[in-house]
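Comments concern the structure below.
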Ligand SMILES: [Zn+2]
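In our numbering, the protein residues as written are 86 to 358.
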């Protein structure tokens, strides 16, 4: 079975509408798909009760969490979208996103990069806003040529627009997911560039707080990374998840359903639903 339990739509920073995303997943042979937009379930919600043949949809969300001064992403899978806990999570996280985007817009204006405040506010009222959206505004205004350049000069680590977020704590995020009947998964563990010791500490804290799975396979990840994560997964007694982290066509390292299989010995997280 081909699963993809980590994808993004236009409800956050993805380029395909939820419907386009599902159609592309189906054409790619995905059997089980989770739409996991950043801090919102709006993409999934917009599909209503539509059915997509053999493709089964799982309600999901990707919540940003604070763990020891670091941002960690937690995917919530098989959540009850109508639960109060999810509404509360979305409200708190969206407020943090709007505040951060507003501060970034103010800082960019002070640098003479134009007044983006109104556009930022308008976008934030519709979708889950993040730095990639602001980068695109800078491209459109002609301040930079590419999104990469926007991050390199203004939005990336240590730059003027690198505003720290006030995300909820890791424990709070896991509580929300569990209260909504969902399964909490550490997203792409290799992306945080933690030492092995720190990654073990993260996994231990995550598990102690009620987290249940690790994304052992994230996109077209190298074999040794997958094996190392599979070992950590087995040792910690957590289940294994697999997702592309798809955002848009053309990114071959994160194409829908392109991940390798979860290694033998890992317990697939989707077997519990
Ligand atoms: Zn993601």
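Glycine residues also receive a C-beta, built at the ideal position from the N, C-alpha and C atoms. Bear in mind that the values here come from a model prediction, so they are computed numbers and not experimental data.
inquiry  = Helix, strand or coil, according to DSSP, for residue 274 in the structure here?
reply    = It is helical.
Margin query: One question on the structure: do residue 353 and residue 321 come within less than 8 Å of each other, judged by their Cβ atoms?
Written below: Taking 8 Å as the Cβ cut-off, residue 353 and residue 321 do not qualify as a contacting pair.
query: Is residue 131 near residue 215, with beta carbons less than 8 Å apart?
result: It is not a contact, given that the beta carbons lie outside the stated cut-off.
key: For residue 161, the residue or residues it bridges with in DSSP   = BP columns for residue 161 point to 146 and 269.
Heavy atoms of ligand 1 versus C-beta positions, residues under 7 Å: The filter returns 91, 93, 121, 123, 147, 158, 272 and 330, in chain order.
What residues are listed by DSSP as bridge partners for residue 325?
According to DSSP, residue 325 shares a beta bridge with 299 and 353.
Notebook entry, point to check: Do you know offhand how far residue 263's Cα is from residue 295's?
Noted result: Cα to Cα, residue 263 sits roughly 8 Å from residue 295.
* Alpha carbon to alpha carbon, how far is residue 239 from residue 290? Give it in angstroms, no decimals. => Looking at the two C-alpha atoms, the distance is approximately 33 Å.
Look at the alpha carbon of residue 151 and the alpha carbon of residue 271, and state the distance between them as a whole number of angstroms.
Taking the straight line joining both Cα atoms gives about 13 Å.
Going by beta-carbon coordinates alone, are residue 124 and residue 210 separated by less than 8 Å? Taking 8 Å as the Cβ cut-off, residue 124 and residue 210 do not qualify as a contacting pair.
inquiry  = Suppose you measure from the CA of residue 339 to the CA of residue 111; what does that come to, to the nearest Å?
reply    = Using only the alpha carbons, I get a separation of about 16 Å.
Using C-beta distances below 6 Å, list every residue in its chain close to residue 194, excluding the 5 sequence neighbours before and after it, in chain order.
Once the five neighbours on either side are set aside, the close Cβ partners of residue 194 are 200.
Among 268, 159, 184 and 95, whose alpha-carbon lies nearest the alpha-carbon of residue 143? For the residues 268, 159, 184 and 95, the minimum Cα distance to residue 143 belongs to 268.
Please report the Cβ distance between residue 88 and residue 116, rounded to the nearest whole angstrom; I am assuming they are in contact, meaning their Cβ atoms lie under 8 Å. Residue 88 to residue 116, Cβ: 7 Å. Contact.
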